[in-house]
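Oh and the sequence shown: position 605 is 605 in UniProt numbering, straight run, nothing missing.
The block underneath contains the structure these notes are about, expressed in structure tokens.
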Amino acid sequence: MQRLCDEILMLIFYELHDPTPFILLSKRFYNFSQDAYTRAHYFLTRYGPAQAMYHALGRGKVVNERVLDILMSSGAHLSRYLIQVAIHHYFYTQSHFIKTQWVRSVPLPVFSSFLQLASTRYGEIPRGKGLDDGSTFSTFIKESRYPPSLRRVRWETVREMLEKYHFIPFSPKDPLMAQFPLALAIEPRLLPYAVANGFHMDSKYRDFVFRKMFEHNPSATDRTADEIVENVKELCRLDPSMFLSRTVAAEICMEAKLNEIGYAALKQLDKSGLLLFDLASLVEDLLKLFLKTRSITSHSIQQNLLHLFEDFPSTDPTVRLVILLIVFLANDNTHPAVPVRTRLENLNIGPVTRKDLYNVLIHPFMERYNSVLDYMRTEMESSDEGRKGMNQKEIRMVVDEIVARLLELDCKGKMLKRLHDGHQNVHDTIIFNTLDKYQLDLDNLPEADDLEACAAFQARLCHDNTLMPSEMNYFWDGKPFDQLSKLRGDGNGHIEEGQERTPFANEYGDIGQESLTTMIRQDESIPSSRYRRRIYYPYHVFGDLSRSYLPHDVVQVGRWIKNDFGARSSITAVFMTHAVLNDNTSILEHYLLDCASSPVPVTLKHFKLLARLGRSVNCTLFTAISSGAEFFKSEEDYIQTWEISRRKYHKLKTQGRSSFSYPQVSVVIERPHVLSPSSSYPSTSTSGSPLLLSSSLPSSSTIRGTKRPRRSAAQVHSYIIPDSDDEAIADYSDVDVDLEEKEPDEYKRKSDNGHLHKWTKHLGELLREEQAKNRQIKKRLEKKTGQKIYLARSEFVKSLSTNMRILRKLAEVRGNANEPSTDEYTDDGDDEYVHRHSKKRRTMQRQNWTVTSAGVV
Numbered sequence: 001m002q003r004l005c006d007e008i009l010m011l012i013f014y015e016l017h018d019p020t021p022f023i024l025l026s027k028r029f030y031n032f033s034q035d036a037y038t039r040a041h042y043f044l045t046r047y048g049p050a051q052a053m054y055h056a057l058g059r060g061k062v063v064n065e066r067v068l069d070i071l072m073s074s075g076a077h078l079s080r081y082l083i084q085v086a087i088h089h090y091f092y093t094q095s096h097f098i099k100t101q102w103v104r105s106v107p108l109p110v111f112s113s114f115l116q117l118a119s120t121r122y123g124e125i126p127r128g129k130g131l132d133d134g135s136t137f138s139t140f141i142k143e144s145r146y147p148p149s150l151r152r153v154r155w156e157t158v159r160e161m162l163e164k165y166h167f168i169p170f171s172p173k174d175p176l177m178a179q180f181p182l183a184l185a186i187e188p189r190l191l192p193y194a195v196a197n198g199f200h201m202d203s204k205y206r207d208f209v210f211r212k213m214f215e216h217n218p219s220a221t222d223r224t225a226d227e228i229v230e231n232v233k234e235l236c237r238l239d240p241s242m243f244l245s246r247t248v249a250a251e252i253c254m255e256a257k258l259n260e261i262g263y264a265a266l267k268q269l270d271k272s273g274l275l276l277f278d279l280a281s282l283v284e285d286l287l288k289l290f291l292k293t294r295s296i297t298s299h300s301i302q303q304n305l306l307h308l309f310e311d312f313p314s315t316d317p318t319v320r321l322v323i324l325l326i327v328f329l330a331n332d333n334t335h336p337a338v339p340v341r342t343r344l345e346n347l348n349i350g351p352v353t354r355k356d357l358y359n360v361l362i363h364p365f366m367e368r369y370n371s372v373l374d375y376m377r378t379e380m381e382s383s384d385e386g387r388k389g390m391n392q393k394e395i396r397m398v399v400d401e402i403v404a405r406l407l408e409l410d411c412k413g414k415m416l417k418r419l420h421d422g423h424q425n426v427h428d429t430i431i432f433n434t435l436d437k438y439q440l441d442l443d444n445l446p447e448a449d450d451l452e453a454c455a456a457f458q459a460r461l462c463h464d465n466t467l468m469p470s471e472m473n474y475f476w477d478g479k480p481f482d483q484l485s486k487l488r489g490d491g492n493g494h495i496e497e498g499q500e501r502t503p504f505a506n507e508y509g510d511i512g513q514e515s516l517t518t519m520i521r522q523d524e525s526i527p528s529s530r531y532r533r534r535i536y537y538p539y540h541v542f543g544d545l546s547r548s549y550l551p552h553d554v555v556q557v558g559r560w561i562k563n564d565f566g567a568r569s570s571i572t573a574v575f576m577t578h579a580v581l582n583d584n585t586s587i588l589e590h591y592l593l594d595c596a597s598s599p600v601p602v603t604l605k606h607f608k609l610l611a612r613l614g615r616s617v618n619c620t621l622f623t624a625i626s627s628g629a630e631f632f633k634s635e636e637d638y639i640q641t642w643e644i645s646r647r648k649y650h651k652l653k654t655q656g657r658s659s660f661s662y663p664q665v666s667v668v669i670e671r672p673h674v675l676s677p678s679s680s681y682p683s684t685s686t687s688g689s690p691l692l693l694s695s696s697l698p699s700s701s702t703i704r705g706t707k708r709p710r711r712s713a714a715q716v717h718s719y720i721i722p723d724s725d726d727e728a729i730a731d732y733s734d735v736d737v738d739l740e741e742k743e744p745d746e747y748k749r750k751s752d753n754g755h756l757h758k759w760t761k762h763l764g765e766l767l768r769e770e771q772a773k774n775r776q777i778k779k780r781l782e783k784k785t786g787q788k789i790y791l792a793r794s795e796f797v798k799s800l801s802t803n804m805r806i807l808r809k810l811a812e813v814r815g816n817a818n819e820p821s822t823d824e825y826t827d828d829g830d831d832e833y834v835h836r837h838s839k840k841r842r843t844m845q846r847q848n849w850t851v852t853s854a855g856v857v
């Protein structure tokens, strides 16, 4: 270190935040640091000319008169604003943003020399409270929204401050540093003077500046679009790095009807070629954003999007669907006087096809169907040549097609219910499609060895709505909208695989659904020093419900199916299986734990299907089993062969749907529980099965005509009322009464324990089978590779093994609670008489020893 030249030492010195430890290493380093030139250039090199004087005044023990002279002569920036703040801080006359000692650490002679330099440069300096340049600049910013006649500070005054007194915020901690770009948005002609004072426009300030240029200001009545265009041109000319981004342009388009002046200026910039992107393509990408968000249901947004489409029409199929959806949503919600046909003609959207209206009806935010079906009845071309409007048969076919698709969209419960209530054929359509296409068995699942296929498998019903849908499986037709219309392809409505692109990503900025006014208010509400320096991300308002992809107050299809078909229906059983495979917690909680209705049975088949896929078991199933769910191997155990849904399905399958009559309501009654003297309680397997009124059941006249069987006298043992002295008869009667009082609770407890025992037994066997398969796979892999490997257990085995311990412990606790305990009771008249149950003598033989309760014999 001692052999280093002064130039190398100077470079090391400039890189140190605190050079004190370095100075104390040797006397040479100490003498080197005492040089005024070295000290002055330390601040210039480390902090730059704009902030060198500010940081030098904060090191009172380092700064002297010579250092100040070198700083001034070497190009350190000294503004009148810095001098005013230093005077206020040194003499405690006004509190600014500086909370440290700062200039108060400077000795008085040195500070007097600093004031002498300031007086020489600027002459008389205003020192009063509120008279500094920073206060004047803040007033200029605050009054920017006022009409020009009401502003106290003109832009010429600010220009003089920048040009003559070299005004610029001198510290990153100064609040004016974040507000300074706002002055350039108000008056772009200030930019050259700001750059001359050392200001550098950060790219992160760009959007903020242009937002303020296009801001909607109702009080500024004399503002014109030409003025905004000139400001944009001037700012881009003075700073080539400045340009209007797609982000700000999309925000302006989002309030096109409200901010007419800003929107007109944006269109002028597009026509003159001053934008770096095509405004029509921007509007097209912006309209696509509303396909999957709830904000499309807002009336103000609907009107704004229609206004954009009128100015920039597009043939993109996604944009076309958005516009059609807006037209029919507005017709359903507001009942406008203008018919749908007229609105579509004004939009020049072209002929509306049956496929277009099909996609409108299955959209999650389309909850009413009347306007679409009315349009089909009056305006759609029928299959019959020369006739306009669909007939009733064609409408019924459309409804059947819609219902078949709505079963897979779990958020479309409202529309499915309305279609069910308004059309007689919907009930049978649900039965036919559910039992024909959606029944799942082990044969329908991929093989357990194909891990990728098992992980990617997803049941088509009861999707989990908590997951954000992807672009290709949101609500489109079974093969996503015929592979979802080549979105940017041939215009025939088909998308090719691999042609997908994100409409938000662009080198000129991302776009979102926020309006210009919303973003400006966020700039003002969030601390400016933090917010305006961060990168903009679309959809940053995560709590905004208008960005939700589900409608308000959604009704799940799975819930409605259970409420309409019942808990023990074959239709509900299919939905239950799909909910288990998709791990849909909300549906499973409603099916199994809803106290207001009977639960849907859990079957061993559900666990076997999950075992095939290797997926974790939802905890709701174990909760239902712990609560006393009945044991069934499959739905065939509790669904009768003559169940009405199955009978209808088989009849539709064999005879054809066209020849089947569509009843609107099916009458369901519950089987009465009749307790005969010989059998006290019915079996649990038939206690909850419904009886349906049909031709297979005896008629009411037959039931009324059946005579009650005559009671045989041989079955009556005695009609004598036992006397209190007849202990044998009296005791027998008392025991019967006690049994009648206790037997229902005991029976229920034994029944629950029996089902729990069956569950633990069969689930334990299933767990052992899966563990054996895992060991076989491990042995096969070890034999193939020739080395020991670790094979991770599947999620199914992990979850089942964990919960099996809980179920076994619960079964053990309940079994101990049901064991007969020693009852002691005393007669009212004899306190000495105590009756106890006899204890069974237990013995255990081991070799030649016998262990008894009395000891070892």
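Ideal Cβ positions, reconstructed from N, Cα and C, are used throughout, including at glycine.
Nearest Cα to L550 within the set L190, A52, T429 and K292: K292.
Assignment of F91 by DSSP, reduced to helix, strand and coil, places it in the coil class.
With distances taken between CA atoms, F32 lies nearest to E7 out of E234, E7, R418 and L593.
Under a 10 Å Cβ-count criterion, T221 is classified as exposed, with fewer than 16 other Cβ atoms of the shown protein chains found around its own Cβ. Rounded to the nearest whole angstrom, the CA to CA distance from M804 to M397 is 49 angstroms. Contact check for L71 and A52: beta-carbon distance about 6 angstroms, within the 8 angstroms limit, so the pair qualifies. With a cut-off of 8 angstroms on Cβ pairs, the segment 593 to 603 is in contact with the segment 626 to 641, counting three or more such pairs.
Of all C-beta pairs linking the segment 177 to 192 to the segment 105 to 119, fewer than three are shorter than 8 angstroms, placing the two stretches out of contact. By the neighbour-count criterion, in which a residue is buried when 16 or more other Cβ atoms sit within 10 angstroms of its Cβ, A456 is exposed. DSSP places T293 outside both helix and strand once states are collapsed to three, so it counts as coil. In this structure, P181 keeps its C-beta atom at 9 angstroms or more from the C-beta atom of G134. Between the alpha carbons of N618 and R405 lies a gap of roughly 27 angstroms. For F140, DSSP assigns no beta-bridge partner whatsoever. Distance from the CA atom of F199 to the CA atom of Q179, rounded to whole angstroms, is 13 angstroms. Rounded to whole angstroms, D226 and E234 show a C-alpha spacing of 12 angstroms. Of the residues L347, S295 and Q556, the one whose Cα lies closest to the Cα of R320 is L347. V557 is a Cβ neighbour of C411, given a cutoff of 9 angstroms. Residue pairing by DSSP places T603 opposite F632 in a beta bridge. Two segments are said to touch when three or more pairs of C-beta atoms, one from each, lie closer than 8 angstroms; by this definition the segment 582 to 592 does not touch the segment 416 to 431. Cβ-Cβ separation between S245 and G614: approximately 47 angstroms, too far for a contact (criterion under 8 angstroms). The same chain holds no residue with a CB closer than 8 angstroms to that of K393 once the five nearest residues on each side in sequence are set aside. Per the DSSP secondary-structure output, E381 pairs in a beta bridge with K388. The C-alpha of S26 is placed about 30 angstroms away from the C-alpha of V103. DSSP places C253 in the helix class (H, G or I) of the three-state scheme. Only exposed fits W642, as fewer than 16 other CB atoms lie within 10 angstroms of its CB. When C-beta atoms of the segment 303 to 315 are compared with those of the segment 254 to 273, three or more pairs fall below 8 angstroms, so the two segments count as touching. For the set F607, V352, S598 and L609, the Cα lying nearest the Cα of G628 is the one of S598. Burial of E770 is indicated by the presence of at least 16 other C-beta atoms within 10 angstroms of its C-beta.
Counting only unbroken stretches of 4 or more residues, the alpha helix (DSSP H) elements lying wholly within the segment 201 to 260 are 206 to 213, 225 to 238 and 246 to 253, in sequence order. For G123, the closest alpha carbon among the candidates Q84, L442 and P148 is that of Q84. Counting only the Cα atoms, E447 lies some 29 angstroms from L807. Contact annotation: V63 and R39 have beta-carbon atoms nearer than 9 angstroms. Contact between L409 and F607 fails: their C-beta atoms lie close to 28 angstroms from each other, not under 8 angstroms. The beta carbon of L282 sits closer than 8 angstroms to those of R246, A249, A250, C253 and I511, all from its chain and outside the five residues before and after it, given in chain order. Ranked by Cα distance from V574, the first of L791, E636 and V426 is E636. Non-local beta-carbon contacts of T378 in its own chain, meaning distances under 6 angstroms to residues more than five positions away in sequence, involve G389 in chain order.
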